[in-house]
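Asker: Residue numbers (the numbering used here), protein chains in the order written: chain A, 11 to 415; chain B, 11 to 415; chain C, 11 to 415; chain D, 11 to 415. Every residue gets a Cβ at the ideal spot worked out from N, C-alpha and C, and that includes glycine.
Protein chains: 4
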Amino acid sequence: MIGKEVEFEGHLIDSLILSKALDTILDLEGEFEILEFRVGRKKEEHSYARLFVAGKDEEHLNKILRELHKLGAREIKPEEVELKEAEADKVLPDNFYVTTNHPTYVFYKGRWIEVEDISMDRVIAIRDDRAVCISIDEVKKGDKIVVGEKGVKVVPPERPRKYSPFQFMGGSVSSERPTEEITEIIAREMIELKKKGGRIAVVAGPAVNHTGAREALAAMIRDGYVDLLLSGNALAVHDIEASLFGTSLGMDLRTGRPVPGGNRHHLYTISKIISVGGIKRAVELGIVKDGIMYECVKNNVPFILAGSIRDDGPLPEVITDVMKAKKAMKEALRGIDMVLMLATTLHSIAVGNLLPSTVKTICVDINPATVTKLMDRGTAQAIGVVTDVGLFLPKLYEKLRELRE
Amino acid sequence: MIGKEVEFEGHLIDSLILSKALDTILDLEGEFEILEFRVGRKKEEHSYARLFVAGKDEEHLNKILRELHKLGAREIKPEEVELKEAEADKVLPDNFYVTTNHPTYVFYKGRWIEVEDISMDRVIAIRDDRAVCISIDEVKKGDKIVVGEKGVKVVPPERPRKYSPFQFMGGSVSSERPTEEITEIIAREMIELKKKGGRIAVVAGPAVNHTGAREALAAMIRDGYVDLLLSGNALAVHDIEASLFGTSLGMDLRTGRPVPGGNRHHLYTISKIISVGGIKRAVELGIVKDGIMYECVKNNVPFILAGSIRDDGPLPEVITDVMKAKKAMKEALRGIDMVLMLATTLHSIAVGNLLPSTVKTICVDINPATVTKLMDRGTAQAIGVVTDVGLFLPKLYEKLRELRE
Amino acid sequence: MIGKEVEFEGHLIDSLILSKALDTILDLEGEFEILEFRVGRKKEEHSYARLFVAGKDEEHLNKILRELHKLGAREIKPEEVELKEAEADKVLPDNFYVTTNHPTYVFYKGRWIEVEDISMDRVIAIRDDRAVCISIDEVKKGDKIVVGEKGVKVVPPERPRKYSPFQFMGGSVSSERPTEEITEIIAREMIELKKKGGRIAVVAGPAVNHTGAREALAAMIRDGYVDLLLSGNALAVHDIEASLFGTSLGMDLRTGRPVPGGNRHHLYTISKIISVGGIKRAVELGIVKDGIMYECVKNNVPFILAGSIRDDGPLPEVITDVMKAKKAMKEALRGIDMVLMLATTLHSIAVGNLLPSTVKTICVDINPATVTKLMDRGTAQAIGVVTDVGLFLPKLYEKLRELRE
Amino acid sequence: MIGKEVEFEGHLIDSLILSKALDTILDLEGEFEILEFRVGRKKEEHSYARLFVAGKDEEHLNKILRELHKLGAREIKPEEVELKEAEADKVLPDNFYVTTNHPTYVFYKGRWIEVEDISMDRVIAIRDDRAVCISIDEVKKGDKIVVGEKGVKVVPPERPRKYSPFQFMGGSVSSERPTEEITEIIAREMIELKKKGGRIAVVAGPAVNHTGAREALAAMIRDGYVDLLLSGNALAVHDIEASLFGTSLGMDLRTGRPVPGGNRHHLYTISKIISVGGIKRAVELGIVKDGIMYECVKNNVPFILAGSIRDDGPLPEVITDVMKAKKAMKEALRGIDMVLMLATTLHSIAVGNLLPSTVKTICVDINPATVTKLMDRGTAQAIGVVTDVGLFLPKLYEKLRELRE
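Here it is as structure tokens:
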């Protein structure tokens, strides 16, 4: 047996941190002894715990410490972070440190510095004395990559001591909730966030169009509730088709029935936009007169359209190289405070992977599996709303208008 | 080989009847020859077909004829219907005729009489010179039961030659439709039906309450859009709990979060209603002051609450014997022109089994499997709307108000 | 402000009990002070906590204490349980105590006695100096019903300190798990349980038949893995139809396609079984020669068929009064150690309501919503397996055979 | 009113072609008169119909004729196909012809030539006297693009007159089918196809790995049942991770539980494969010793990995530009006779768009919405099997072995 002392500080009990820590040790068949435990006796007080953790051998112990580390365990005296050079582009040194999506610090040159752009399942590089979180494709030969857990500190979000209706719903995926009231809670949160100067991103799938929520999303953009739109070729084409023909993939948006010859609309739309050189130009020329993309262009809301193998065309603005698209998304998401994910599994999970756990994330889908998958893939902070986006979005916009008055 | 002549009349081509008939013969490995075929050359004209159908032997031929029969095939000269007595209660004679849910006639004492209360998978009895469709549990010893297909005529519904937005949607179960517009189509249909003196039944599951659509349903009852409510103990208890406490199964209907001690509300509600003798009495005493059940009582809208093994209590009005409940439902559904099925698989299928194919049936559920099951079980006329009942019902009520003005 | 001291004992940290307790207090806007806290320093040691809890007034405090009580909080010195008489059948006294599904004790005549037949959302009556858990419909005028939390102790299940693959899976509803391996874990658990003389109940929906898992379930009954079958009329009719005709509701079980005239099979089966007087008699007479019901009769495995409003017939053994069916189910479930719920939402939730939290519960359904609903309704101990019962059950039987050898 | 004569030939009645044609005319508010109608009196005879179709004006008439055209309507005397040059890359001439996924011919230089690579929602170009079906991004400036319907003939698939168990299932998406038997029907079809020298493609999502079906797919590749694998980065990484560590995205494939530090496995795998230069090289070096990708390399089965914005890494073989990936997929799919789509919505729809309607297509998913979407998007020939791929694939392989012996 070999052991080590670690300490925890914070709302250890009501944020379940200590429980999870002891669980982890037991699951990994380690041993522990609680050396010191001071509980915050009142609401506002922090707790402190000092544990002796033991494993069968060094490797076993390190495995345990690595997991405790993610829960916020610290070494008693911080040691300098350990770095190793990448031997080639996209090649990681052995024992590389894998990030969580929680705020993270490294002890570098004698002080704690925060890791920039933190998101999950990436690595940390030190570049110009700054710690940056990068994905494997961004690793360059010679990059100094953090290895091991030494000198790395994670601060998992604490649950707020005060009750918040918004926080409360976290993790739920049931369709048996009062949808209209939940819509109001989200609207209220959005308004408060905008008042404080916060920024909101919308991630939208093509069903937003098919289900008839297009006008509501366009209105939300017009009224300033959307600071960034992330989507794909399909949404943009369907939205512009709706502007030109009143159909979405050939389906009449007033009756839900396919229009004869409607599949031509789709190709015609793509060809038309390509012929003038893109969406922005088409709006400027007055070809596209309303809708989601129109409002983005008119209101200078940036949009990123990432390519997929289902795409027809695609439109000139679509980024067909997925790695470039991902990089553009990552940069655009910097500084975003809230993300609304609307009826898209692929984009929701992709965006979830790029977000720190401190960003408020709401995932709306009629299929509970989408929400479950998002959380299974690590975006545990997401609030799932299992509902029909075609009714949800108009209702959300209605609430935004009501509450703002 | 042994054969027989049959004839078809009607919109044989555009209602797919002839196609289905030939298919059926081929599937069953029979032979056919088309002896005569006159096509309706213009929209308003009927078509006529005379076929010679052949099978390997009498049994095989009868098997084929039995299937053709369901599609409307008639013998050239009608023969008297064949009857056999039931030997005991609930025991059917051999070769009993199984009903479809289409309008059906029997050739009895030299003339065609219509079968009353037609619904699928039942049998036909002649009682007092009337033909009645009864379920197996209604069969009494000595009942004259129709056997074979001789002297029985089925008239499958023809597709209307004129386009109707309402009819159009039939059979669809996709969640990718413009929900708000579909809601408007349904509202329009309801208003037209009520203008003509039609009657509407609502079949509702407890999710109507949980998702917050309770007030919308109550308002629809108050405004005269509901002529019959079919549900179970759970809906009634949750609805009354909402009136007494503002919660549904202990969940606050304003926030969607469980109220501490909320599970007491459920039992308290049941005990309270039992103590005063039932829902009607509780409304009269002023204990229940609003909601679905309140409006039913106040507006003399009959309701049937059928028992299930999940029930707590149950409330005094609940019919705990399922066969008695089914009989009560069957009687109440007589003369209903439209049924709205809201978020309940069990009740939807049970009610579907009791309806003729001429009743307009709309099934609303967030789970596409509910709609698929309903149709698999024979309620082919149903229109499926895959959406969140918690937003659908308030929107439907809003549309009903808008359109009526 | 008004307060009271309570104590907790057990694995407070790793079973999350203390965290939940503090959470509860904060959610209800109460105050607390931790007066004493001794943590089990090693795995095998219990922890102990003494808290001072305060509320705004007596009512508020009681509300908080009621919730803490469910988590196992005890008064420092036990007081005698408080009882009140029921004024009428099915009518509860004010302030009645609502049960959890955890083992529960009442302090009656100076000692702790265990409550019999504990299950959730019921009340406790003292009858002949025994404490029994009864549902509202079992309350008789004059019954001594427990009121308030005084003298009542709940023992929530502690998470085992040792890792168990079976326990681990609890709460999961994802379809992205290695299904074959999970099947093996369940098989292993069943075999171990049978070795120890444990008893297993199966709750089965009609999809067991439609999906072709009928033979596997029959074989499991034959081999002694099933001690009780809970189902409805549909499963029994379809199973016997499969024995008589090879079809299930008219669908050929070898090809999955409807057999012409197959809907007759269903009614014929019902009529036939009714004519001989029931399932048991039909097996004895050699009419039914294989299948699920056959094996139940031949192996003396009791079965309970509860009625529903969807039933045709029903078969003579079906209990058409749902309250009687529920009572029969409750009695049959006494002493059951494990329940396999197969492809049925209604029966799963109904049975879940009748089980203590100590019974191992596995819920298999292709629709994740069924599992989610079961847990939402309080059966938190259930393990959800999202898979196709038509392949799961044959695989489970294969594993049972492999592992037993 | 303005009109035109068209003719139809084939199994007009039992393939529903005439019914659909008349429906279409009525839906579009056109008029028709049936000028001649000769029905195939016996099974083996074709039918012939000559119709006069009328519209309000030329535009209206053309709209109707365009739709009839898709159903196989021909002008009485074929006219030369009409061509127009593309004015720029990716820009279509007005009135461009949109393809179906049915076999299509153009009347060019006095004779009918078949359009190559037919798939839906594309255009037809004449290049070097050959007619080729191309997508909008393949259109080059100066390409001669078919416009209007003149001189274009579509041959929709006729339903086989002989019953085939495989064909039968088409269109079904219910989960209530005998899964094991359906698996056998598919296995039988695959064996027969391979005997005739047919080629099978597999489209697989990452759930194949997570659910434990990896070994079954690897075995099917080894045994020669797979001629092409289409997938993405995730499947390949998870498969190789399973080979290196026994985990899939850090989840132990034996227990379904996350392994501590398992998220490292994912990144480690990517880094390792990148460092040696790709999957093929890793197999050759003996680093990857089993699994799906291993068998592809060892058995020279081509694989295409298309990029997506969710990808980590990605592996060197992944095509990150989606338009290039799509082009590679299209070329690889040429000559494929059957496609098995396993647990992936995105790839299934993308591949469905690239297939002619004559390719046998089976879509396996636990979520019925995936199958519904695939068909809604035009892949109407697909057979949907709603089941758990984790049990389906091992069972399919077992059947393939049994049946081949």
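Just curious, the alpha helix (DSSP H) that A135 (chain A) is in, first and last residue?
Answerer: First-last for A135 (chain A): 133–137, but that is the beta strand (DSSP E), not the alpha helix (DSSP H).
Asker: For the alpha helix (DSSP H) that R48 (chain C) lies in, which residues bound it at each end?
Answerer: No alpha helix (DSSP H) contains R48 (chain C), which is instead part of the beta strand (DSSP E) from 41–48.
Asker: Assuming Y107 (chain C) and E159 (chain C) make a contact with CB atoms under 8 Å, what is their CB distance in whole Å?
Answerer: Contact holds; Cβ gap of about 7 Å.
Asker: Can you list the residues of chain C that V108 (chain B) reaches, using a CB-CB cut of under 7 Å?
Answerer: Here the neighbours are N273, R274, L277.
Asker: What residues from chain A crowd round P166 (chain C), counting only those whose CB sits closer than 7 Å?
Answerer: None at all; the shortest Cβ gap to chain A is about 14 Å.
Asker: Would you call E251 (chain A) buried or exposed, if buried means 16 or more other Cβ atoms sit within 10 Å of its Cβ?
Answerer: The residue in question, E251 (chain A), is buried, as its Cβ has 16 or more Cβ neighbours within 10 Å.
Asker: Would P113 (chain C) and P366 (chain C) be called neighbours here (beta carbons separated by less than 8 Å)?
Answerer: Taking 8 Å as the Cβ cut-off, P113 (chain C) and P366 (chain C) qualify as a contacting pair.
Asker: Unbroken alpha helix (DSSP H) runs of length 4 or more, entirely within the segment 329–401 of chain D: which are they?
Answerer: Segments of the alpha helix (DSSP H) lying fully in the segment 329–401 of chain D: 332–343, 355–364, 378–386.
Asker: In the structure shown, what three-state DSSP assignment does G180 (chain B) receive?
Answerer: The predicted model places G180 (chain B) with a pLDDT of 49, which falls under 50 and marks its position as unreliable; any figure quoted below should be read in that light. In the structure shown, G180 (chain B) sits in coil (DSSP, three-state: anything other than H, G, I, E or B).
Asker: Can you find a C-beta in chain D that's less than 8 Å from the C-beta of F18 (chain B)?
Answerer: Judged by the 8 Å Cβ criterion, F18 (chain B) is not in contact with chain D.
Asker: Locate the alpha helix (DSSP H) running through L71 (chain B), then write down its first and last residues.
Answerer: Residues 68–80.
Asker: Return the first residue and the last residue of the alpha helix (DSSP H) that S29 (chain D) is part of.
Answerer: Start and end: 27–37.
Asker: Could you tell me which chain A residues have their CB closer than 8 Å to the CB of P378 (chain C), listed as they occur along the chain?
Answerer: Result: P378, A379, T382.
Asker: What are the partner residues of Y416 (chain C), as DSSP defines its beta bridges?
Answerer: Only positions 11 to 415 of chain C appear in this structure, which leaves residue 416 (chain C) out of reach.
Asker: Using DSSP's beta-bridge definition, name the partner residues of G65 (chain C).
Answerer: DSSP, once it has assigned bridges, lists C:I12 as partnering G65 (chain C).
Asker: Are V16 (chain C) and L71 (chain C) close, meaning C-beta to C-beta below 8 Å?
Answerer: Not a contact, by the Cβ cut-off of 8 Å.
Asker: Look at the alpha carbon of I123 (chain B) and the alpha carbon of E92 (chain B), and state the distance between them as a whole number of angstroms.
Answerer: Cα-Cα distance, rounded: 14 Å.
Asker: If the cut is a Cβ gap below 9 Å, which residues of chain A does V212 (chain D) touch?
Answerer: None at all; the shortest Cβ gap to chain A is about 16 Å.
Asker: With a 10 Å radius around its C-beta and 16 neighbouring C-beta atoms as the bar for buried, classify L295 (chain B) as buried or exposed.
Answerer: So L295 (chain B) counts as exposed.
Asker: Which residues in the same chain as K100 (chain B) place their Cβ atom closer than 8 Å to its Cβ, once the five residues preceding and following it in sequence are excluded?
Answerer: Around K100 (chain B): I146, D147, V149.
Asker: Does any CB atom of chain A fall closer than 8 Å to the CB of S253 (chain C)?
Answerer: For S253 (chain C), the answer is no, since every Cβ of chain A falls outside 8 Å of its Cβ.
Asker: Could you pull the DSSP bridge partners for G20 (chain D) from this structure?
Answerer: According to DSSP, G20 (chain D) bridges with D:S57.
Asker: Could you tell me which of D:N310, D:G13, D:G287 sits nearest to L10 (chain D), measuring between CA atoms?
Answerer: Since the first residue of chain D shown is 11 and the last is 415, residue 10 (chain D) is not available in this structure.
Asker: Along chain F, which residues have their Cβ under 8 Å away from the Cβ of M333 (chain C)?
Answerer: Among the protein chains in the structure shown, which are A, B, C and D, there is no chain F.
Asker: So A211 (chain A) and I346 (chain A) are supposed to be a Cβ contact under 8 Å. How far apart are they, rounded?
Answerer: Right, the Cβ-Cβ distance comes to about 5 Å (below 8 Å), so this counts as a contact.
Asker: Put I201 (chain A) into one of helix, strand or coil per three-state DSSP.
Answerer: Looking at I201 (chain A) - three-state DSSP - the assignment turns out to be helix.
Asker: Kindly list the residues whose CB is nearer than 7 Å to the CB of R132 (chain D), restricted to its own chain and excluding five residues on each side of it in sequence; keep chain order.
Answerer: The answer, listed in chain order, is T109, C143, I144, S145.
Asker: At the 8 Å Cβ level, is K119 (chain C) part of the contact set with chain B, yes or no?
Answerer: So, not an interface residue.
Asker: Where do the ends of the beta strand (DSSP E) carrying G242 (chain A) lie?
Answerer: 238–242 is the extent of the beta strand (DSSP E) around G242 (chain A).
Asker: Taking a Cβ distance cut-off of 7 Å, strictly less, list which residues of the segment 26–37 of chain C are near chain A, in chain order.
Answerer: Result list: L26, L28, S29, L32, D33, L36, D37.
Asker: Taking only the alpha-carbon atoms, compute the straight-line gap between E69 (chain A) and I12 (chain A) and give it to the nearest angstrom.
Answerer: If I take the Cα positions, the gap works out to 10 Å.
Asker: Give the straight-line distance between the Cα atoms of C373 (chain C) and K409 (chain D), rounded to the nearest whole angstrom.
Answerer: Cα to Cα, the separation comes out at about 28 Å.
Asker: Quick check on DSSP: helix, strand or coil for A228 (chain A)?
Answerer: Of the three classes helix, strand and coil, the one that applies to A228 (chain A) here is helix, per DSSP.
Asker: Opposite T257 (chain B) in the DSSP bridges: which residues?
Answerer: BP columns for T257 (chain B) point to B:D262.
Asker: Identify the continuous beta strand (DSSP E) that holds E92 (chain B) and give its terminal residues.
Answerer: Taken as a continuous stretch (DSSP letters only), the beta strand (DSSP E) holding E92 (chain B) covers 92–95.
Asker: With 8 Å as the C-beta to C-beta threshold (strictly closer), list the residues of the segment 345–371 of chain A near chain D in chain order.
Answerer: Those would be T355, L356, H357, I359, A360, N363, in chain order.
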